[in-house]
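Asks:
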Amino acid sequence: MKLNGISLNIQPEPTAVAEELDPHEVGDQHLMTSIETPMRDGAFDLSDEEKKREIEKHFRSIMHVLGLDLTDDSLKGTPARVAKMYVDEIFSGLNPENEPKVALFENKYQYNEMLVEKNITLYSNCEHHFVPIIGKAHIAYISNGKVIGLSKLNRIAQYYAKRPQVQERLTVQIGKHLQEILGTESVAVIIDAEHLCVSSRGIQDVNSSTVTAFYGGEFEKNSTKKELFNYLK
Ligand SMILES: [Zn+2]
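Per numbering that gives the first Met the number 0, the very first residue in the sequence shown carries number 0; after that it's consecutive.
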């Protein structure tokens, strides 16, 4: 599948691709190896505070190797700031403890039409380059008797965005999570995002954006998709 010159490869068989390709090539083609974020065993053996100390140490080494003067007032706090930002903010979605708590409500209004939450701002980071992915998500679902607070849709999208990501995986993770908690297959997620690894480096295409979509249940029908697209216009 090609959109705006960016390859969108959803690989159903995880390991096959990674083994055949040079790692540099995998990154530049933005291949995804699995729907689950690849985590190692013991990912949470260290506490957040221990992680921050380790990251600070290693980030200081990176800056040192680059030749930066870490005694400079402007730079000396950077390793600690980066470590805190990684663990507490931009990669906080790696820790399942940070999964948003969601209360569901009975669908008392008997609203059985589609509900669309448009233009959710998303900030994520490309797992191949660790530079930002900035975009908008549109989420829709058709209630199966349960409804969710609107802000929770944003929170769930943001939870998955706060991981090193591949846009296709981010889209599917949000969709599957919502299917599970809402108890319905009828969920759609569309993400339109700019990848700074494409716009600011590599091929430096500032005008391209990548669109990915997840459609379940009723949204697999063309008529339902059409209705959704009308709301998104
Ligand atoms: Zn990238």
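Idealized CB from N, CA, C, for every residue including glycine.
Starting from the N-terminal end, write out each residue whose C-beta falls within a distance shorter than 5 Å of any non-hydrogen atom of ligand 3.
Replies: Absence of ligand 3 is noted for the structure shown, with ligand 1 being the only ligands found.
Asks: Count the other CB atoms within 10 Å of the CB of HIS194; is the residue buried (16 or more) or exposed (fewer)?
Replies: buried
Asks: Please tell me whether PHE218 and VAL186 are closer than 8 Å, where the distance is taken between their beta carbons.
Replies: yes
Asks: State the start and end residues of the unbroken beta strand (DSSP E) segment that holds ASN118.
Replies: 113–125
Asks: Alpha carbons only, please: which of LYS145, GLY174 and GLY144 is nearest the one belonging to GLY158?
Replies: Per the sequence shown, the amino acid found at residue 158 is Tyr instead of Gly. Comparing Cα-Cα distances from TYR158 to each of LYS145, GLY174 and GLY144, the minimum goes to GLY174.
Asks: Compare the C-alpha of ILE147 against each of MET113, GLU167, VAL210 and LEU45 and name the closest.
Replies: Proximity to ILE147 across MET113, GLU167, VAL210 and LEU45 peaks at MET113, based on C-alpha coordinates.
Asks: Do the segment 45–52 and the segment 60–69 make contact, defined as three or more Cβ pairs closer than 8 Å?
Replies: no
Asks: Between which two residues does the alpha helix (DSSP H) harbouring HIS137 extend?
Replies: Unbroken run through HIS137 is the beta strand (DSSP E), 131–141; no alpha helix (DSSP H).
Asks: For THR170 and THR211, which I take to be in contact (beta-carbon distance under 8 Å), what is that distance rounded to the nearest angstrom?
Replies: 4 Å
Asks: In the DSSP assignment, the alpha helix (DSSP H) including ILE173 goes from what residue to what residue?
Replies: 166–181
Asks: State the Cα-Cα distance for the pair GLY215 and HIS128, rounded to the nearest angstrom.
Replies: 30 Å
Asks: Is GLU96 helix, strand or coil when you go by DSSP?
Replies: helix
Asks: Buried or exposed for CYS203, please, with buried defined as at least 16 other CB atoms from any protein chain shown within 10 angstroms of its CB.
Replies: Contrary to the premise, residue 203 reads as Gln rather than Cys in this sequence. GLN203 comes out exposed.
Asks: So, are the CB atoms of ALA160 and SER198 less than 8 Å apart?
Replies: Going by C-beta atoms, ALA160 is not nearer than 8 Å to SER198.
Asks: Can you check which of these residues, ASN143, LYS56 and GLN164, is closest to LEU177 by C-alpha distance?
Replies: Checking every option, the nearest Cα to that of LEU177 belongs to ASN143.
Asks: Could you tell me the alpha carbon to alpha carbon distance between ALA156 and LEU121, rounded to whole angstroms?
Replies: 8 Å
Asks: In whole angstroms, give me the CA-to-CA distance for GLU88 and ASN94.
Replies: Straight-line Cα distance between these residues: approximately 11 Å.
Asks: Give the DSSP-derived three-state secondary structure of ALA82 in the structure shown.
Replies: helix
Asks: With a 10 Å radius around its C-beta and 16 neighbouring C-beta atoms as the bar for buried, classify HIS57 as buried or exposed.
Replies: exposed
Asks: Starting from LYS145 and walking both ways along the beta strand (DSSP E), at which residues does that stretch end?
Replies: 145–147
Asks: Between MET38, LYS145, VAL86 and LEU74, which has its C-alpha nearest GLU49's C-alpha?
Replies: Here the closest residue by C-alpha is VAL86.
Asks: Should GLN109 be labelled buried (16 or more other beta-carbon atoms within 10 Å of its own) or exposed?
Replies: exposed
Asks: Which residues in the same chain have their Cβ closer than 8 Å to the Cβ of ARG52, if we skip the five residues on either side of it in sequence?
Replies: Setting aside the 5 residues that flank it on each side, ARG52 is surrounded in the same chain by ALA82, each with a C-beta closer than 8 Å to its C-beta; the list follows chain order.
Asks: Quick one: measure Cβ to Cβ for ILE119 and LEU152, integer angstroms, because I've assumed they're closer than 8 Å.
Replies: 7 Å
Asks: Closest to ARG200 by CA distance: which of ILE61, VAL130, LYS224 and LYS135 is it?
Replies: Measuring from the Cα of ARG200, the nearest candidate turns out to be VAL130.
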